[in-house]
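One structure is given below, encoded as structure tokens.
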Amino acid sequence: MTALVEVREAWRVYRLNGVEIPALRGVSLEVHPQDFLAIVGPSGSGKSTLLHLMGGVDLPTAGEVRLFGRITHRMTEGELARLRLHRIGFVFQRFFLLPHLTLEENLLLPMLEARVPAGERRRRVEELLGYVGLLHRRHHRPGQLSGGELQRGAVARALANRPALVLADEPTGELDEQTGREIGELFRRVHRDGVAVVVVTHNPELASLAQRVLTIRDGRLR
Amino acid sequence: MVAFLALRSLRRSPTRTLLLLAGITLSGSLLFDMTMLGSGLVESFGGVLGRLGYEIRVVPRGTLPLSSALLVPNASGIVGEIAAHPDVAWASPMIATQLYAEAGGRRLSVVAYGIPSRLPGLVRTEADVRDGAVLNALLARELQVRPGERIRLGTRLSPQTLAPEAAVEVRVAGLGEFPFDLRGQRTLAVPLSVLEELLGTRDRASFLVVKIREGADPEAVREWVNHTFPELEALSIPALLQAVRGQLRYFDHFSVILSGVSLVVATLLVGTVLTLQIGERLGELAVLRALGLQRTRLVLLVLLEGFALAAASCPLALGIGLGLSEPLDAILRALPGVPQDLRFFVPSPQAALRTVVLLLGAGTLGAAYPAWVAGSLHLASTLHREVQG
């Protein structure tokens, strides 16, 4: 089966005041359709950096990352943006739903950018809000939603363009235990419904829901 | 999508946006006033000239176009030749001079025009100049005369009696308004023949006026007059306006400098507020990029925000500018030596359009730096810093 993401001996080195700081040191992994992968590790171990390489948000300093069969450092910024728009969904620790838009409008945003036809947009918004249990909150702004609702909204936004892969960076980091559990269940459901999920987390309970758990430490997978 | 997002972004901090709009609106209103000033004076002067009823004014070459000295000799001969031109409807000599007017023992210095009867534009009146003298309201009031009464006109006062010498008596035909009257100026118009008789200068004129036939080209006639009478200079309305424009260049400079200042203020206002706003929204912009918006779309988003701010302030800026132009116009028209009919601030669709275009340009230009900031943010490090915290 073709991998959605192939990371081969990827290094990511940051340069700070002339000093080179390696965040990733020769990491290799593959993500396949139907995968549910958790990446765990202490703060500063390179989890988010790895997730950024896997989402085409960043490029490796050395080694290679292939997304949907294409080598990221050979793609233009526009091609990477289009790939993220159509094939990858992102979920962030701080939700980052746009505060001046309603939940519905936040969901519409990626669809508008992808030029999804109006009728299809309306249908998908209904479907996604129903999926995450927020249909009754569609006209509310993020400031009127709880943390759990915000993160469910963010998951719905990540799914707006029907991606094959969802990347979540500490999605339960700002939530209480119970709400974190609900979000974990939501990711499991997303995975069951055919979307590959990669979660970077400190949360062992969330990690335990994954099929595979990779531990990263000092920029190396163990 | 970007336009939708830009408009929504401006509504996220309504108070800040309203304050910014107020600032741009005030700058825009000043810009509109200065745009009106830049073109208004010449437009207004052109309007006055256009209403006079002739298209070409012929003066001795090298003299001022509005001189009142009797400098055109052989006026009737020249007028006859000009009138014979196929594109000329009629031509006439004109006299403008200083006289003394007397009635009931009151003697006043006046500006007198000897005008052909077919030139109603020089004085707005219901009376007929052929019936006698048409006085402006100030002169009639100060001489205490009414239509139907008689006044005496003289070229100078007798040193012994202080009465006008070489006087003629004319009937007051009525009252009228003279477009070139200065504030406090006493003016009258009489038939050309009256002044010729009074001045004893047959066949001399201050200048000649030429009416062009419908559909004919005034510029062609002007060139023909200049070529045929090299000692004279024919000035069409555009040529006269050009001469006036040259003399009023300081108003242009004034207008350009203040317009520039208002544009810079509008640009800086938009630039400062949007730069601050973008600084607060870096995480949000990085998320938008992560979701799949391209760098150029973010640049466009911020530029549109600047454009939208300027566009939203345009209607009020034009309204306030229009409202302010009235008192500003009154102040400038109170200056000495300004003809009553002249307006400094003339509203026109062109001035409004120019203001709108400049203001939209300033808004967009102001958004250029924050747009560059938004477009050049490093996605991964911004996500690390802003989103993961």
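Taken in sequence, the protein lines are chains U and V.
Letter by letter, the first sequence follows residues 78 to 299 of our numbering.
Letter by letter, the second sequence follows residues 67 to 455 of our numbering.
Don't be surprised by glycine CBs; every beta carbon is placed ideally from N, CA and C.
Please read these numbers as outputs of a predicted model, since none were measured by experiment.
Taking C-beta separations shorter than 7 Å and ignoring five residues to either side along the sequence, the partners of V:Leu-394 in its chain run Asp-99, Phe-411, following chain order. For U:Leu-180 and U:His-213, the gap between their C-alpha atoms comes out near 10 Å. A contact is defined here as three or more CB-CB pairs under 8 Å, and the segment 90-97 of chain V meets this definition with respect to the segment 381-399 of chain V. The C-beta of V:Val-322 has fewer than 16 other C-beta atoms within 10 Å across all chains shown, which makes the residue exposed.
Think of a sphere of 8 Å around the beta carbon of V:Ser-75: the chain U residues whose beta carbon falls inside it are His-177, in chain order. Between U:His-109 and chain V, the shortest Cβ-Cβ separation is not below 7 Å. Only exposed fits V:Gly-170, as fewer than 16 other CB atoms lie within 10 angstroms of its CB. With distances taken between CA atoms, V:Ala-356 lies nearest to U:Phe-167 out of U:Pro-176, U:Val-193, U:Phe-167. Counting only runs that start and end inside the segment 175-259 of chain V, the alpha helix (DSSP H) elements of at least 4 residues fall at 203-209. With contacts defined as CB atoms closer than 7 Å, V:Leu-314 and V:Leu-107 qualify as a contacting pair. The alpha-carbon of V:Val-422 is positioned some 35 Å away from that of V:Asp-283.
Look at the beta carbons and you see the segment 297-315 of chain V not touching the segment 69-78 of chain V: under three pairs across the two are nearer than 8 Å. The C-beta of U:Phe-167 comes closer than 7 Å to at least one C-beta of chain V.
Nearest C-alpha to V:Gly-427 among V:Thr-362, V:Gly-337, V:Gly-198, V:Ala-396: V:Gly-337. The continuous alpha helix (DSSP H) containing V:Val-330 extends over residues 315-346.
Within 9 Å of the CB of V:Arg-409, no CB atom of chain U is found; the nearest one sits about 46 Å away. Beta bridge pairing from DSSP links U:Tyr-91 with U:Ile-98. Contact check for V:Val-138 and V:Leu-274: beta-carbon distance about 6 Å, within the 8 Å limit, so the pair qualifies. In the three-state reduction of the DSSP assignment, V:Thr-267 falls in the coil class, being assigned neither a helical nor a strand state.
Counting C-beta pairs closer than 8 Å gives fewer than three between the segment 203-217 of chain U and the segment 129-147 of chain U, which falls short of the contact rule. Identification of chain U residues near V:Val-353 by a Cβ-Cβ cut-off of 7 Å yields Phe-169, Phe-173, ordered along the chain. Look at U:Glu-190: its C-beta is under 7 Å from a C-beta on chain V. Under a 10 Å Cβ-count criterion, V:Tyr-166 is classified as buried, with 16 or more other Cβ atoms of the shown protein chains found around its own Cβ. Around V:Leu-424, the same chain offers Leu-97, Leu-329 as residues with beta carbons nearer than 7 Å, after the five sequence neighbours per side are excluded. Here V:Gln-416 carries a helix assignment [DSSP, helix/strand/coil]. At least 7 Å separates the beta-carbon of V:Ile-278 from that of V:Asp-407.
Put simply, the backbone Cα of V:Thr-362 is about 26 Å away from that of U:Tyr-91. Rounded to the nearest angstrom, the Cβ distance from U:Val-202 to U:Leu-185 is 6 Å, consistent with a contact under 8 Å. Buried is the label assigned to V:Glu-121, since at least 16 other Cβ atoms lie within 10 Å of its Cβ. The C-alpha of V:Thr-448 is placed about 6 Å away from the C-alpha of V:Gly-349. In this structure, the CA atom of U:Phe-145 is about 15 Å from the CA atom of U:Val-274.
Residue pairing by DSSP places V:Lys-277 opposite V:Trp-156 in a beta bridge. Residue pairing by DSSP puts U:Leu-242 in a beta bridge opposite U:Ile-165, U:Ala-273. DSSP places V:Ser-302 inside the beta strand (DSSP E), whose first and last residues are 298-302. Pairing V:Leu-370 with V:Ala-69, the inter-Cα distance amounts to about 7 Å. Its Cα nearest to that of V:Leu-86, the residue V:Gly-429 stands out among V:Glu-235, V:Gly-429, V:Leu-366.
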